[in-house]
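Engineer:
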Amino acid sequence: MSALLEVRGLVVSYGPVDAVRGIDLEVGAGETVALLGANGAGKSSTLRALSGLVKARGEVRFGGADLRRVSPDAIARAGLVHVPEGRMPFRSLTTEENLLVGTVARGGRTAEFALSDVYDLFPPLTKLRRRGSWTLSGGEQQMMATGRGLLAAPRLLLLDEPSLGLAPAVVDTVYAALREVREKISVLVVEQNAGLALGLCERAYVLAAGEIAMSGPAAELADRESLLASYLARESDADHEVHQDERQAG
Amino acid sequence: MGHFVGLLASGVAQGAIAALIALGIVLLHQTTGVVNFAQGDLLTLGAYFGVWLVVDHGIATIPAYLIVVALVFGVGVAMERIGYAPLRRQPILAVVISTFALALGLRSLIILWQGNDQKTLPSPFGGRVWHFAGAAIPYQSVLIVAVTGVVLAGLMLMLHRSSIGRQVRALAADRETALLQGIRVTRLSVLMFGLSAALAGLGGVLVAPTLTVSPQLGFTLLLSSFAATVLGGFDRMGATVLAAFGIAIVQQMAAGYVSADYVEAYPYLILLVALVLRPSGLFGEVVRVRY
Ligand SMILES: Nc1ncnc2c1ncn2[C@@H]1O[C@H](COP(=O)(O)OP(=O)(O)OP(=O)(O)O)[C@@H](O)[C@H]1O
Ligand SMILES: [Mg+2]
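So this is what it looks like as structure tokens:
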């Protein structure tokens, strides 16, 4: 039986720099998988390659179909839906309009989560439906972006750092919702916060400097705490922080 | 009083035409990043299509206007195929330059087809005027304002109440995330080229009866529409429409009360003064609050 998502030898390069250096990765139907790694490990690059936003080498198969040369919008409509890092609200649209844009990618699939289900999943959004999304807090934006992704009836939901920059209470809300989502939809979640992600997922990969450094069942990885911590901390040294800042500024 | 009302009325009518052109420019720029310099020549084309249908073929006004809009929509789509689609991976400047080339090409084709002579497109109302507050306002001006009003309202409804409109606004807000949400960006770009061309074509066939039709018609009108898009900050549609009306009204007042000799220079004077006073565009503050 082949997995829902199969990645073989994925390489992402930015000019001479390889951000992802030939990784293999699988997500089975119904599975919840984490992709962990420090700043700059190549997590976002991996997701952006899967959703077609950046050129990549290697093989990506989704539901058996080859995704090379498929445009990002067609990939989304095929059910591989990416909730990007930084949530990326459509700022000039209201909260509800943002959510409704999610339905565009649905194709012929029936959504596990309809609009009302998204409001049930994220109660704070109910009062914000008519508010411009540019006025939402980071947590509210994360809820909105996740809801927008769910309304696309994903077969596999890609989440890039859903807990990034959120207060603990808001992280709890988001992860409580993800535990419900996981029951119905396959999920690949990128996180720096290993504890959170391992609590949610069945399996995990650890990415370090563009390569898979560890992988296995979440419980096993959680037991090898010190090794995991060393990978997650390794690249966030001062030298790398500077590099990240440059990228943000540019 | 009559003089003032007359100037105001002609300013509002001119403003409506400028608003149609400017909205096309803003809509296209927001969704594709392209500033279409052929927008003025698409207006000229609309005027000539009007002459061709109404004068040469005796087609009734309403069907003729509708055919013009459809034809110019088609030309806009063709422009996307010729001038934008092949350059999609090139810097946006290449596309903007290609719209310049397309504008010149379009103008040459118009001259080849219709010659350089001036033509006239009769108004469906003939020369009839509406006497209002001491002024004689041509019915064609009333038609211009009414049609523009309906089209603007329809456009706003489309953008804010339909799924396709939401997709257009989402694309304008964030192209990459629009792709991640499965929006058919390529198809929408084609639609936007067609729509913005159709707006210019409609402007052309509406304004033609109040002026003479020549190959340079659109170019002169384009310049004051550009002033409006700049004042509108190139992104706010409502602000752009207001600016278009404001510029045209001031232009007409200046022509009537100061001197008609500089009528084509007034939009630039207004633009210049406004930009010196408010470098971020007239409505810059609003933009800063919203984004
Ligand atoms: N557009 C780009 N151009 C050049 N280099 C890039 C670009 N995007 C990412 N990189 C580089 O690729 C490497 C991996 O970046 P990536 O964003 O994939 O990391 P990440 O694991 O998502 O990090 P973070 O946790 O900070 O989001 C980094 O060294 C980064 O500087
Ligand atoms: Mg990242």
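Protein sequences, first through last, are from chains A and B. Sequential numbering from 4 applies to the first sequence in this note's numbering. Sequential numbering from 14 applies to the second sequence in this note's numbering. The C-beta atom is built at its ideal place from N, Cα and C for all residues, glycine as well. Predicted model, so just to flag it, every value in this text is computed and none were measured.
Could you check whether the segment 228-241 of chain B touches the segment 62-78 of chain B, counting it as contact only if at least three pairs of C-beta atoms, one from each stretch, sit closer than 8 Å?
Structural biologist: No: the two stretches stay apart, fewer than three of their Cβ pairs being nearer than 8 Å.
Engineer: Taking a contact to mean a Cβ-Cβ separation below 8 Å, would you say Thr49/A touches Leu8/A in this structure?
Structural biologist: No. Outside cutoff.
Engineer: Which residue's Cα is closest to the Cα of Ala41/A: Asn196/A, Arg227/A, Leu161/A?
Structural biologist: Measuring from the Cα of Ala41/A, the nearest candidate turns out to be Asn196/A.
Engineer: Are Leu70/A and Leu191/A touching if we call contact CB-CB under 8 Å?
Structural biologist: No. Outside cutoff.
Engineer: I'd like the list of long-range same chain contacts for Glu93/B, defined as Cβ closer than 7 Å, with 5 residues on each side in sequence excluded.
Structural biologist: Excluding positions up to five away in sequence, the list reads Ser202, Val203, Phe206.
Engineer: Secondary structure at Val97/A, three-state DSSP: helix, strand or coil?
Structural biologist: Note that residue 97/A corresponds to Thr in the displayed sequence, not to Val. Thr97/A: strand per DSSP, three-state reduction.
Engineer: Which residues in chain B sit within 9 Å of Gly150/A, going by Cβ to Cβ distance?
Structural biologist: Result: empty, since nearest Cβ-Cβ is about 12 Å, beyond 9 Å.
Engineer: Report yes or no: is there a C-beta of chain B within less than 8 Å of the C-beta of Arg133/A?
Structural biologist: No, its Cβ sits nowhere closer than 8 Å to a Cβ of chain B.
Engineer: Check for me: the alpha helix (DSSP H) holding His16/B runs from which residue to which?
Structural biologist: Per DSSP, His16/B belongs to the alpha helix (DSSP H) from 15-45.
Engineer: Do you know whose CA, among Leu128/A, Arg227/A, Ala52/A, Leu230/A, lies nearest Leu161/A's CA?
Structural biologist: Per the Cα distances, Ala52/A.
Engineer: Is it right to say Ile150/B is buried, meaning 16 or more other beta carbons lie within 10 angstroms of its own, or is it exposed?
Structural biologist: Buried, since its Cβ has 16 or more Cβ neighbours within 10 Å.
Engineer: Considering Cα atoms alone, identify which of Gln144/A, Ala212/A, Gly198/A is closest to Ser229/A.
Structural biologist: With distances taken between Cα atoms, Ser229/A lies closest to Gly198/A.
Engineer: Note down, in chain order, all residues in the segment 187-209 of chain B with a beta-carbon under 7 Å from any beta-carbon belonging to chain A.
Structural biologist: Of all residues in the segment 187-209 of chain B, Asp187, Glu189, Thr190, Leu192, Leu193, Gln194, Gly195, Ile196, Arg197, Val198 have a Cβ within less than 7 Å of some Cβ in chain A.
Engineer: Would you identify the three-state DSSP class for Ile124/B, choosing helix, strand or coil?
Structural biologist: In the structure shown, Ile124/B sits in a helix (DSSP, three-state: H, G or I).
Engineer: State buried or exposed for Ala241/A, treating a residue as buried only when at least 16 other CB atoms are found within 10 Å of its CB.
Structural biologist: Low per-residue confidence applies at Ala241/A: pLDDT is 40, beneath 50, and the placement is therefore not dependable, though the value from the model is reported in the following sentence. By the neighbour-count rule (16 or more Cβ atoms within 10 Å), Ala241/A is not buried but exposed.
Engineer: Could you check if Glu186/A belongs to the surroundings of ligand 1, using beta carbon to heavy atom distance under 7 Å?
Structural biologist: False, no ligand heavy atom lies under 7 Å from that Cβ.
Engineer: Given that a residue counts as buried once 16 or more other Cβ atoms are within 10 Å of its Cβ, and exposed if not, what is Phe93/A?
Structural biologist: So Phe93/A counts as buried.
Engineer: Taking only three categories from DSSP, how would you classify Leu288/B?
Structural biologist: Correct three-state label for Leu288/B: helix.
Engineer: Mind the definition here: the segment 169-177 of chain B touches the segment 49-64 of chain B only if three or more C-beta pairs lie below 8 Å; say whether that holds.
Structural biologist: Counting Cβ pairs under 8 Å, fewer than three are found: no touch.
Engineer: What does DSSP give as the partner residue(s) for His85/A in the beta ladder?
Structural biologist: DSSP, once it has assigned bridges, lists Leu161/A as partnering His85/A.
Engineer: Could you check whether Leu79/B and Ile123/B sit closer than 8 Å to each other, using their CB atoms as the reference points?
Structural biologist: The answer is no: Cβ separation not under 8 Å.
Engineer: What residue range is occupied by the uninterrupted alpha helix (DSSP H) comprising Ser202/B?
Structural biologist: 198-220 is the span of the alpha helix (DSSP H), which, as asked, contains Ser202/B.
Engineer: Just curious, the alpha helix (DSSP H) that Pro126/A is in, first and last residue?
Structural biologist: First-last for Pro126/A: undefined, no H or E at that position.
Engineer: Going by DSSP in three states, Asp130/B sits in which element: helix, strand or coil?
Structural biologist: Looking at Asp130/B - three-state DSSP - the assignment turns out to be coil, as it is neither helix nor strand.
Engineer: Report yes if the C-beta distance between Gln180/B and Leu20/B is below 8 Å; otherwise report no.
Structural biologist: No. Outside cutoff.
Engineer: Please report the residue range of the beta strand (DSSP E) in which Phe145/B lies.
Structural biologist: Here the beta strand (DSSP E) through Phe145/B covers 142-145.
Engineer: Across the segment 217-224 of chain A and the segment 199-209 of chain A, are there enough close Cβ pairs to call them in contact, namely three or more that are closer than 8 Å?
Structural biologist: They touch, by the three-pair rule.
Engineer: Between Ala273/B, Gly140/B, Gly214/B, Lys132/B, which lies nearest to Val160/B when the distance is taken from Cα to Cα?
Structural biologist: Among Ala273/B, Gly140/B, Gly214/B, Lys132/B, the Cα nearest to that of Val160/B is on Gly214/B.
Engineer: Using 8 Å as the threshold, is the C-beta distance between Ser47/A and Leu96/A below it?
Structural biologist: Contact flag unset, no.
Engineer: Report yes if the CB atom of Gly28/B is closer than 8 Å to the CB atom of Ala261/B, and no otherwise.
Structural biologist: Against a cut-off of 8 Å, the Cβ pair of Ala261/B and Gly28/B comes out as a contact.
Engineer: CB Gly105/A to CB Gln194/B, shorter than 8 Å?
Structural biologist: Yes, they are a contact pair.
Engineer: With a threshold of 8 Å on Cβ separation, who are the neighbours of Gly18/A within its own chain once the five nearest residues in sequence on each side are excluded?
Structural biologist: Cβ within range, chain order: n/a, list empty.
Engineer: What residues of chain A sit near Ala98/B, judged by a beta carbon separation below 8 Å?
Structural biologist: The contacting residues do not exist; Ala98/B stays about 14 Å from chain A at best.
Engineer: So, is the C-beta of Leu8/A closer than 8 Å to a C-beta in chain B?
Structural biologist: For Leu8/A, the answer is no, since every Cβ of chain B falls outside 8 Å of its Cβ.
Engineer: Can you find a heavy atom of ligand 2 that lies under 7 Å from the Cβ of Ser233/A?
Structural biologist: Flag unset: Cβ of Ser233/A not near ligand 2.
Engineer: Measuring only the C-alpha atoms, how far is Leu285/B from Asp76/A?
Structural biologist: One C-alpha to the other measures close to 42 Å.
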